[in-house]
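Peer 1: Mapped onto UniProt numbering, the consecutive letters of the sequence shown carry residue numbers 1 to 902.
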Amino acid sequence: MMMLKRDKKEEEEGGGNPFNNLEKSTVLQETRTFNETPINPRKCGHILTKLLYVINQGENIGANEATEAFFAMTKLFQSKDPILRRLMYMGIKDMSKIANDVIIVTSSLMKDMTGKEDQFRGPAIRALCSITDTSMLQSIERYMKQAIVDKVPGVSSAALTSSLHLSKTSQDVTKRWVNEAQEAVNSDNIMVQYHALGLLYHIRRNDKLAVTKLVSKFSKHTLKSPYAYCLLIRIATKLIEEEDAGSGSPMFDFIESCLRHKSEMVIYEAAQAIVQLKNTTAKDLAPAVSVLQLFCSSPKPTLRFAAVRTLNKVAMKHPAAVTACNLDLENLITDVNRSIATLAITTLLKTGSETSVDRLMKQISTFMSEISDEFKIVVVQAIRSLCAKFPRKHSVLMNFLASMLRDEGGFDYKKEIVDCIIATIEENPEAKEAGLAHLCEFIEDCEHTVLATKILHLLGREGPRTPTPSKYIRFIYNRVILENAAVRAAAVSAIAKFGGHCEELLQSCVVLLERCEMDTDDEVRDRATFYVNVLKQQQRNLSSAYILNGLTVSVVGLERALYSVLEHGLKHVCCTGLTVSVVGLERALHQYTLEPSESPFDMKTVPLATQPLADQKVRETPGLAGDVGKPEKSAATRQDLYAEQLAAVPELANVGALFKSSQPLEITESETEYYVQCIKHTFSNYMVFQFDCTNTLNDQVLDRVTVDMEAADGFEVVKQIPCPSLPYNKPGSTYTLVHLPEDPTSVTGTFPCTLKFVVRDCDPNTGEPDDDGYEDEYVLEDVEVTVADHVQKVMKPNFAASWEEVGPENELEDTYALSSMSTLEEAIKNIIQYLGLQPCERSDKVPEGKSSHTLYLAGIYRGGHDALVRAKLALDTSGVTMQLTVRSTDPSVSEVLATAIA
């Protein structure tokens, strides 16, 4: 009775694993029991089970140990016990990948494969095929053909599935078994029919016409196996996607006919295939949605779950198609299976009307505490899409999200809610104050540092621009008093942004920041001291440059860059609000120390970062506050790597600091004999065109490879740097140096290009080229230089402050009619692409239903000049009208950007 009670308790706790604490060496030692006579089936079976468990847990067994255990296992062929023999066959399959000389059991397996014991024949076939290589396959080919058409279903299925595995390595041999596989398709057994169809498909899968004929043939015959029908549906779906045929394909008609099959499995497979096709319309989806609607009222939980999950996916792309199922989905909200209820409610959130939002929120709240965090995240994601769909319902949705924040939950769940609220605030200005209020309450009890700092950053960015910014100061300053160092530092930055943006709060913020100068953490103290000194200057341009749109580089990264020049006596640094590359900063500072100058070091000479600095590896050396430990080398960006590559070319030594490198541009087709890509490197007065060339002809070697460029108006080709040799399939680079026009407003042009080289024929086998060669050339596509090649993207978190900082001195304004563009989204996309500037404050997203919008763009123009653009767009029947206003620190930059669209 005590034993029974213990077993019952283990069952309630989820059951115990008797093999949990197995040791590999002990199990291998026990395998010697297989050599004993007479064989004890029960004992040997238990040991063999333990050995299989150890192997499948990924334990590393040496070849010698495995071979010894394998040969001991072969002694079990003497036993006729069915359970032990089945375990032995499994052991042979698993050990064949580890042990040596496993082929010795081939004759024993072939004897079992052709024997009279049907229960041994199937497993023997599987084991035999797992140890058979290509050279031995022909010796068992006759037996495999017989087994495929065997009358015993288990034997036939084993042969078919083994043939499928063999076809991956020996397809030429298995192709000869097509006739037997076709005969097996006519079997009365549903699994044999399914496996035979699978083998036929894998044999023919590389022949598209043969696969099409296979589907056409068997779609007209009445297959008995629902599994075979499911496989046919998947093959037909793949053919439709490859041909991009859509509902016009005959294959689609076959899939649609399967919706009327008697098997629920086939019906669901067909419905799922239809809704997953790319080019389907609401009309094409209607039959599949109707079937799934019927499944929603099925008494089987599996069918209800499958139907509602598929409808949930359909609702993401075609919500109108699922609207007809709303009544059935509402009945599933009270389903005893909470997974089904969650999927039903999230589907309703995507398809429901604005009037049903309040009722749905009440229904959700009844079971939110009963589901796991995984399903809660699904609900939050549905609410996020609902906030974007019905912006006027933000109050109800925000309140619901706030109540969810107060409930218990893990980090991922809370993060999803916070992200949802932040996204709603950014997309819907009317929801800003309510959302910020809910987030302020959340950080009072927030246990996650990442979320607290994220919310504080948002408060610092959005709070100062609300009607009553002062009410957020209390929540932020509470974090300075109560939280850890990381959160305190974020809170200090947020307070400083309130002081920099709101003149009426400036003195109060300075007082609060002065209290933070005595903090125990050096990062918090340094931030507070820095911000206090900037705010006390009471200059808007300083506040904008260093607080509202500050230098985006970590203190540790700046320390790393300065480390190499500390002993050189760097006295002063002129800094502007830029996002700089740490590696580029270090290189520029080092160059500054090598060339002594009385002028201050200007941060504008540093290349901008081409990827987020958070991605770069930073390590702070422990030590005293005044100590500077030698830091690790920082991670280089793509542009840093290009800068190093160009610096290694002696002819390009005096072109200056690299400003920008473009993405590689293909100027030949990838299938041509010479494949060439062009990368445009922009400097202050020069542009370097890097041509990466690949010779795809194995009977030629190219020497002295250059690209001859015809200079556009105002541009001057200074020199060409050839690639000495270009062997077969080994990339090489040639460079062309071009001087930019003296006129600062002339920045664009088109360059016709020709690849010139000396050809030396060579032996394709040895690669040895001839001594003599001949000159040849190959015409390339034109290379175009655009305005975007002279501009680097820079994010301005507070565009208004940056706009005022630059001022109206060099402002230019003009109006354009963009008649070729029919939507605001299209206009925004083209403007950003052509100007190459960074959209700010999510202005590249147009609110739904709006006919007018303002786009804010920011960047740095070649030479380190700030460039800001405000584009007011209006949509009418004739197209898009744009009022473009440009501000820059240089008048020629304003002229270039203002006339670029024209």
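Ideal Cβ placement from N, Cα and C applies to all residues, glycine included. The structure presented is a predicted model; accordingly, all values stated were derived computationally and were not measured.
#1: Do you know offhand how far SER508's Cα is from PHE659's?
#2: When you compare the stretch 174–191 with the stretch 148–160, are there three or more beta-carbon pairs, one atom per stretch, that lie closer than 8 angstroms?
#3: Beta-carbon within less than 7 angstroms of GLY569's beta-carbon, same chain only, minus the 5 sequence neighbours each way: which residues are those?
#4: Once DSSP output is grouped into helix, strand and coil, what is the label at LEU332?
#5: Straight-line CA distance for SER263 to GLN293?
#6: Do you know offhand how far SER725's Cα is from ARG760's?
#7: Could you tell me which residues DSSP pairs with HIS438 in its beta bridges?
#8: Taking one C-beta from the stretch 465–475 and one from the stretch 424–444 each time, how about it: are there three or more such pairs within less than 8 angstroms?
#9: Given this structure, state the Cα-to-Cα distance separating ILE98 from SER167, to the nearest angstrom.
#10: Under the assumption that GLU370 contacts ARG392 (Cβ atoms under 8 angstroms), give the Cβ distance between them as a whole number of angstroms.
#11: Kindly confirm or deny that the stretch 764–777 and the stretch 736–745 touch, where touching means at least three C-beta pairs closer than 8 angstroms.
#12: Quick one: grab the DSSP three-state call for CYS387.
#13: Would VAL322 and THR351 be called neighbours here (beta carbons separated by less than 8 angstroms)?
#14: For ILE190, which option in LEU164, GLY154 and THR169 has the closest C-alpha, if you only look at C-alpha atoms?
#15: On the DSSP letters alone, give me the boundaries of the beta strand (DSSP E) that ALA874 sits inside.
#16: In this structure, how does DSSP classify SER263 when only helix, strand and coil are distinguished?
#17: Between which two residues does the beta strand (DSSP E) harbouring ILE860 extend?
#18: What residue does the beta strand (DSSP E) around ARG704 start on, and which one ends it?
#19: Contact defined as beta carbons within less than 8 angstroms: I believe LEU897 pairs with VAL869. What is the distance between those atoms, to the nearest angstrom?
#20: Using 8 angstroms as the threshold, is the C-beta distance between LEU84 and CYS44 below it?
#21: Please state whether DSSP places MET882 in a helix, a strand or coil.
#22: Out of MET518, GLU503, GLU523 and ASN549, which has the shortest C-alpha to C-alpha gap to LYS536?
#23: Quick check on the DSSP output: what are the complete beta strand (DSSP E) runs of length 3 or more inside the stretch 292–372, in order along the chain?
#24: Which residue comes first and which comes last in the alpha helix (DSSP H) that contains ASP692?
#25: Smallest Cα separation from ILE333: which of ASN56, HIS318 and LEU349?
#26: Are the beta-carbon atoms belonging to GLU242 and PRO287 less than 8 angstroms from one another?
#27: Measure from the alpha carbon of THR668 to the alpha carbon of each residue in SER661, SER662 and VAL676, then state which is nearest.
#28: Determine the contact status of ILE340 and VAL308, defining contact as a CB-CB distance below 8 angstroms.
#29: Taking 8 angstroms as the threshold (C-beta atoms), are VAL707 and LEU755 in contact?
#30: THR544 and ALA801 look like a contact to me (Cβ under 8 angstroms); what is the Cβ gap, rounded to whole Å?
#31: I'd like the list of long-range same chain contacts for TYR686, defined as Cβ closer than 8 angstroms, with 5 residues on each side in sequence excluded.
#32: Look at the alpha carbon of residue 903 and the alpha carbon of SER892, and state the distance between them as a whole number of angstroms.
#33: With a threshold of 6 angstroms on Cβ separation, who are the neighbours of ILE55 within its own chain once the five nearest residues in sequence on each side are excluded?
#34: Sort MET821, THR885 and LYS238 by Cα distance to GLY879 and report the nearest one.
#35: Please report how far the alpha carbon of THR67 lies from the alpha carbon of SER96, in whole angstroms.
#36: Using the Cβ count rule (16 or more neighbours within 10 Å means buried), how would you classify MET90?
Peer 2: Taking the geometry as given:
#1: 41 angstroms
#2: yes
#3: Confidence in GLY569 is poor, its pLDDT being 43 and thus under 50, which makes the residue's placement too unreliable to answer from.
#4: helix
#5: 16 angstroms
#6: 10 angstroms
#7: Answer by DSSP bridge pairing: none, since HIS438 is not bridged.
#8: Cβ pair count under 8 angstroms is three or more, so yes.
#9: 22 angstroms
#10: Going by Cβ atoms, the distance from GLU370 to ARG392 rounds to 30 angstroms, so no, they are not a contact pair.
#11: no
#12: Three-state DSSP puts CYS387 in a helix.
#13: Closer than 8 angstroms, so yes.
#14: GLY154
#15: ALA874 -> beta strand (DSSP E) spans 865–876.
#16: The answer is coil: DSSP assigns SER263 none of H, G, I, E or B.
#17: 852–861
#18: Its beta strand (DSSP E) spans residues 700–709.
#19: 6 angstroms
#20: Contact: yes.
#21: strand
#22: GLU503
#23: none
#24: Counting along the chain, ASP692 falls outside any alpha helix (DSSP H), though it belongs to the beta strand (DSSP E) covering 686–695.
#25: LEU349
#26: no
#27: VAL676
#28: yes
#29: yes
#30: The amino acid occupying residue 544 in the given sequence is Ser; Thr does not appear at that position. SER544 to ALA801, Cβ: 4 angstroms. Contact.
#31: VAL655, GLY656, VAL718, LEU737, VAL738, HIS739 and LEU740
#32: Residue 903 is absent from the model: the chain starts at 1 and stops at 902.
#33: Closer than 6 angstroms at the Cβ level, and outside the excluded window around ILE55, lie ASP94.
#34: MET821
#35: Spanning the two alpha carbons is a distance of roughly 9 angstroms.
#36: buried
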